[in-house]
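In this note's numbering, the protein residues as written are 706 to 795.
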(Lines of atoms letter the chains of each structure in order from A and count residues from 1; the text may use other names and numbers.)
(Lines give C-alpha, C1' and ligand atoms only; values in the text may rest on other atoms or scores of the structure.)
Protein backbone atom coordinates (compact mmCIF):
# COMPACT_ATOMS: atom_id res chain seq x y z
CA UNK A 1 0.00 0.00 0.00
CA UNK A 2 1.35 3.42 -0.89
CA UNK A 3 1.92 6.09 1.72
CA UNK A 4 -0.45 9.05 1.55
CA UNK A 5 0.94 11.92 -0.49
CA UNK A 6 1.49 15.24 1.24
CA UNK A 7 0.90 18.18 -1.03
CA UNK A 8 4.26 19.61 -2.05
CA UNK A 9 4.64 23.12 -0.77
CA UNK A 10 2.39 22.45 2.21
CA UNK A 11 4.33 24.98 4.27
CA UNK A 12 2.99 28.49 3.59
CA UNK A 13 5.12 30.23 0.97
CA UNK A 14 6.99 27.03 0.08
CA UNK A 15 6.97 26.18 -3.62
CA UNK A 16 9.28 23.28 -4.35
CA UNK A 17 10.72 22.62 -7.79
CA UNK A 18 10.35 19.09 -9.11
CA UNK A 19 12.60 16.37 -7.66
CA UNK A 20 14.30 16.06 -11.07
CA UNK A 21 15.09 19.79 -11.09
CA UNK A 22 16.60 19.61 -7.60
CA UNK A 23 18.75 16.61 -8.56
CA UNK A 24 19.84 18.38 -11.76
CA UNK A 25 20.86 21.45 -9.74
CA UNK A 26 23.27 19.40 -7.63
CA UNK A 27 24.61 17.44 -10.60
CA UNK A 28 25.30 20.72 -12.42
CA UNK A 29 27.40 21.77 -9.44
CA UNK A 30 29.48 18.59 -9.52
CA UNK A 31 27.73 16.64 -6.78
CA UNK A 32 24.52 14.92 -5.91
CA UNK A 33 21.50 15.33 -3.70
CA UNK A 34 22.69 12.27 -1.76
CA UNK A 35 26.03 13.96 -1.00
CA UNK A 36 24.20 17.10 0.13
CA UNK A 37 21.99 15.06 2.46
CA UNK A 38 24.90 13.19 4.03
CA UNK A 39 26.97 16.38 4.43
CA UNK A 40 24.13 17.82 6.52
CA UNK A 41 23.51 14.72 8.60
CA UNK A 42 20.26 13.74 6.91
CA UNK A 43 19.41 10.30 5.66
CA UNK A 44 19.17 10.41 1.85
CA UNK A 45 15.85 8.57 2.04
CA UNK A 46 14.45 11.28 4.34
CA UNK A 47 15.54 13.96 1.87
CA UNK A 48 14.11 12.13 -1.14
CA UNK A 49 10.80 11.47 0.63
CA UNK A 50 10.55 15.09 1.81
CA UNK A 51 11.26 16.31 -1.71
CA UNK A 52 8.59 14.05 -3.23
CA UNK A 53 6.11 15.22 -0.59
CA UNK A 54 5.77 11.82 1.08
CA UNK A 55 6.78 13.24 4.48
CA UNK A 56 5.76 16.52 6.10
CA UNK A 57 7.13 16.47 9.63
CA UNK A 58 9.44 19.11 11.14
CA UNK A 59 12.58 17.47 9.73
CA UNK A 60 11.07 17.25 6.24
CA UNK A 61 10.02 20.90 6.36
CA UNK A 62 13.57 21.81 7.40
CA UNK A 63 14.98 19.79 4.50
CA UNK A 64 12.72 21.56 2.00
CA UNK A 65 13.59 24.97 3.47
CA UNK A 66 17.33 24.20 3.26
CA UNK A 67 17.00 22.97 -0.32
CA UNK A 68 15.22 26.17 -1.33
CA UNK A 69 17.99 28.20 0.33
CA UNK A 70 20.66 26.12 -1.38
CA UNK A 71 19.09 26.68 -4.77
CA UNK A 72 18.62 30.40 -4.15
CA UNK A 73 14.82 30.11 -4.27
CA UNK A 74 14.19 31.36 -0.75
CA UNK A 75 14.03 35.03 -1.67
CA UNK A 76 17.80 35.49 -1.27
CA UNK A 77 19.96 36.93 -3.99
CA UNK A 78 21.34 34.77 -6.76
CA UNK A 79 21.43 31.05 -7.32
CA UNK A 80 23.05 28.71 -4.88
CA UNK A 81 24.23 31.29 -2.39
CA UNK A 82 24.54 28.67 0.35
CA UNK A 83 27.41 26.33 1.14
CA UNK A 84 26.64 23.21 -0.86
CA UNK A 85 29.18 21.05 0.91
CA UNK A 86 30.26 19.98 -2.57
CA UNK A 87 33.61 20.43 -4.26
CA UNK A 88 33.31 22.97 -7.05
CA UNK A 89 34.70 22.08 -10.45
CA UNK A 90 37.64 24.23 -11.45
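No residue lacks a Cβ here, since even glycine has one placed at the ideal position from N, Cα and C.
Exercise for the section: Using the Cα positions of residue 771 and residue 729, report the straight-line distance between them to the nearest angstrom. Expected result: The sequence position of residue 771 within the chain shown is 66, counting from 1. The sequence position of residue 729 within the chain shown is 24, counting from 1. Their backbone Cα atoms lie some 16 Å apart in a straight line.
Exercise for the section: Grab me the residues of residue 716's own chain with a C-beta within less than 6 Å of its C-beta, minus the 5 sequence neighbours each way, in chain order. Expected result: For the purposes of this step, residue 716 is taken as the residue at position 11 of the chain shown. Because residue 716 carries a pLDDT of 48, less than 50, the predicted location of this residue cannot be relied on, and the following value inherits that uncertainty. 766, listed in sequence order.
Handout entry: Same chain, Cβ closer than 8 Å to residue 725, neighbours up to 5 away in sequence not counted
Key = Here residue 725 is taken as the residue at index 20 of the chain shown, counted from 1. None.
Practice task
For residue 751, I'd like the list of residues in its chain whose CB is within less than 8 Å of its CB, leaving aside the five on either flank, ordered along the chain.
Solution key: Start at 1 with the first residue of the chain shown, and residue 751 comes out as number 46. Closer than 8 Å at Cβ, skipping near neighbours: 742, 760, 764, 765, 768.
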